[in-house]
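Under mature numbering (1 follows the signal peptide of the UniProt record, and there is no 0), the residues of the sequence shown are numbered -19 to -1, 1 to 384, in order. We put the beta carbon where it would ideally sit given N, CA and C, even for glycine. So the structure is just underneath, and the comments pick up after that.
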Amino acid sequence: MMKLAWAAVLFALGRQASAEMLPKSIRGFMLSGNKQPTLKRLNGGPLCTDGTGASPNGYRMQGKISLNDCASMAQQQEGCVGFRWGATSYNQEGYLRDVSEDFIDLAQLFEPDQEFECEVYAATEDGKSINFTTTELSQKFGYGARRLKILKKKILIHQNVKKEDSDATKHGNGVCRQRYSLLKLFQTEVTDLWFCFLPEEKWESCDKDLFNFYIVEGSAFAAGLLFFFAIISHVMSEQRQFSWALLWIARLTVNLQLGIYSVWFLVKHGYNFNDITSTNMLALVMTVVGSTVLISPALLLESMRGCHGFALFYLLILCFSPSVTFEAMSYFSGFPLLLAHYPMVLGLVGFLIEALKAVIAPLRCGGCRVVPADLDMSELRKQARGGTTHQPNSSSLVGCSFL
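As structure tokens, then:
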């Protein structure tokens, strides 16, 4: 046993000695988010953002550029606020194999002769672009250097300045975190892998910007939004058609979110993510149970007289919640692991199960629907069980059933 243990230790040490490890810091730059260099800790997304979620302007070069080369060019760039290095393809099997390691072996993630992209970000405090600083090293890769959608409408190709349409979304003033686009959540796999770096001395200001934007400003926005929801709930409390539509929208959005949250929980707590089938089954069970728990308060409030406004307020919160969930999950550490388990598909399956529950047990799981004003609950239950159809005396639809 001792020999086997020593052999394992020597193998691990030998592998780390021969591998090309991703450092946490290089040439005065550190990984975004102050993350440790492990696959489970890093997001891997192509968007390097500042404290408000905006991307800065930058210059992109493509070729056989090493991480050290990219960091060197960023170090020599005037007004550099960070850089991004990575590739549009990577070894997904190597990613899954090394995801539990406490280091990142770049040789296991990328091919030996693979080309990489290096994007150097240069911006002022107010998000305006800064001219590219040409150096001997940057000229080596100058054939692919260009400015990306900058506010001054210029690009750099073969050291020549040309016109390009501006992009108002490129107004960030730094690199603090890393993310994928929200549309990526609706895909089934990640094909690209990136690493974002920022100057080490700028992390303290990044930390303050993140706190101000997400905690201070976010809390103020949430309070205003809840006040608006309260007004809408009071005004629309008697509009039963509106409540019925919101209930089904909430069912869909809740299940989609729970599909993401369940996979996130399992991945975060180190569940065996190589066994996709068992992980997906467990995540689906968590989605169905969670959906029942979250939707039940709305069904209960709908069945109680005088509580329709509270039910509507609760449903509005559930319908708006994806804007928070999807935003948070786009920054998720180990994002490729999240998509490997098809969380959106799990959410859709959970929604279908929720709809099936409403069909099988309409009196308990269906929710509110508009019914004739002269129809009492006993007659409604008979109809739900397949009894004779009631012919209303009035054509007005003002009542609400627990259906």
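Residues sharing a beta bridge with Met42, DSSP = As a working mapping, residue 42 is identified with position 61 in the sequence shown. The bridge partners DSSP lists for Met42 are Cys99.
Buried or exposed: which applies to Asn49, given that a residue is buried once 16 or more other Cβ atoms fall within 10 Å of its Cβ?
-> As a position in the sequence shown, residue 49 is number 68, starting the count at 1. Burial call: exposed.
Start and end of the alpha helix (DSSP H) containing Gly251?
-> Reading the sequence shown from its first residue, position 270 is the one you call residue 251. Neither: Gly251 is in no alpha helix (DSSP H) and is coded neither H nor E.
What separation, rounded to the nearest whole angstrom, lies between the Cα atoms of Ser214 and Ala204?
-> On the sequence shown, residue 214 is found 233 positions in, with the first residue counted as 1. On the sequence shown, residue 204 is found 223 positions in, with the first residue counted as 1. In this structure, the alpha-carbon of Ser214 lies about 15 Å from that of Ala204.
To which residues of the same chain is Thr169 closer than 7 Å at the C-beta, ignoring the five residues directly before and after it?
-> Counting from one through the sequence shown, the residue named residue 169 turns up at place 188. Counting only Cβ-Cβ distances below 7 Å, and skipping sequence neighbours, we find Leu320, Tyr323.
How should Glu98 be labelled, buried or exposed, when 16 other C-beta atoms within 10 angstroms of its C-beta is the threshold for buried?
-> Residue mapping note: residue 98 aligns to position 117 of the sequence shown, counting from 1. Per the 10 Å Cβ criterion, buried.
8 Å contact criterion, which Tyr312 and Asn24 should meet: CB distance rounded | As a position in the sequence shown, residue 312 is number 331, starting the count at 1. As a position in the sequence shown, residue 24 is number 43, starting the count at 1. Contact flag correct, Cβ pair sits at about 6 Å.
Going by the beta-carbon positions, is the gap between Thr306 and Gln222 smaller than 8 Å?
-> Here residue 306 refers to the residue found at position 325 when the sequence shown is read from its first residue. Here residue 222 refers to the residue found at position 241 when the sequence shown is read from its first residue. No, these two residues do not count as a Cβ contact at 8 Å.
Since Asp86 sits in a beta bridge, which residues does DSSP pair it with?
-> Indexing the sequence shown from 1 puts residue 86 at position 105. Met2.
Alpha carbon of Tyr195 to alpha carbon of Gly63, nearest angstrom | Position 214 of the sequence shown holds residue 195. Position 82 of the sequence shown holds residue 63. Distance between the alpha carbons of Tyr195 and Gly63 is about 22 Å.
What's the gap between the Cα of Val352 and the Cα of Ser218?
-> Here the question's residue 352 lines up with position 371 in the sequence shown. Here the question's residue 218 lines up with position 237 in the sequence shown. Note that Val352 scores a pLDDT of 44, beneath 50, so its modelled location is shaky and nothing firm can be said.
Which parts of the segment 6 to 32 are runs of the beta strand (DSSP E), unbroken and 3 residues or longer, counting only runs that do not cross its ends?
-> 10 to 12, 28 to 30
Figure out for me which residue from His289, Ser36, Gly328, Ala88 has the closest Cα to the Cα of Met267.
-> Stepping through the sequence shown from its first residue, residue 267 is reached at position 286. The option with the nearest alpha carbon to Met267 is Gly328.
Of the residues Ala68, Trp245, Ala231, Gly14, the one placed nearest Ala279, counting alpha carbons only | In the sequence shown, counting from the first residue as 1, residue 279 sits at position 298. When each option's Cα is compared against that of Ala279, the closest is Ala231.
Val62: first and last residue of the uninterrupted beta strand (DSSP E) it sits in | What you label residue 62 is simply residue 81 of the sequence shown in a count that begins at 1. That run of the beta strand (DSSP E) goes 61 to 68.
Apart from the five residues just before and just after Asp83, which ones in its own chain have a Cβ nearer than 6 Å to its Cβ?
-> Along the sequence shown, one-based indexing puts residue 83 at 102. Cβ neighbours of Asp83 beyond the five flanking positions: Thr19.
Specify the secondary structure class of Val270 as computed by DSSP and reduced to three states.
-> Taking the first residue of the sequence shown as position 1, residue 270 is located at position 289. Helix at Val270.
Where the beta strand (DSSP E) through Leu174 begins and ends = Taking the sequence shown and counting its residues from 1, one reaches residue 174 at position 193. Counted as a single uninterrupted DSSP element, the beta strand (DSSP E) harbouring Leu174 occupies residues 174 to 180.
For Met11 versus Asp86, is the C-beta distance shorter than 8 Å?
-> Stepping through the sequence shown from its first residue, residue 11 is reached at position 30. Stepping through the sequence shown from its first residue, residue 86 is reached at position 105. Not in contact: Met11 and Asp86 (Cβ atoms no closer than 8 Å).
Look at the Cβ atom of Arg22, then the Cβ atom of Ser314, and state whether they are nearer than 8 Å.
-> Position 41 of the sequence shown, counting from 1, holds the residue named residue 22. Position 333 of the sequence shown, counting from 1, holds the residue named residue 314. Yes, the pair counts as a contact, with Cβ atoms nearer than the cut-off.
Of the choices Asn38, Val101, Asp79, whose alpha-carbon is the least far from that of Gly67?
-> As a working note, residue 67 is residue 86 in the sequence shown. The alpha carbon of Gly67 has as its nearest neighbour, out of Asn38, Val101, Asp79, the alpha carbon of Val101.
DSSP state of Pro324, grouped into three classes?
-> Along the sequence shown, one-based indexing puts residue 324 at 343. In the structure shown, Pro324 sits in a helix (DSSP, three-state: H, G or I).
Would you give the residue range spanned by the beta strand (DSSP E) that Gln159 belongs to?
-> Within the sequence shown, numbered from 1, the residue matching residue 159 stands at position 178. Going by DSSP, Gln159 is part of the beta strand (DSSP E) stretching over 158 to 160.
From the DSSP output, in three-state form, read off Ala279 for me.
-> By 1-based counting over the sequence shown, the position of residue 279 is 298. Ala279 falls in the helix class under three-state DSSP.
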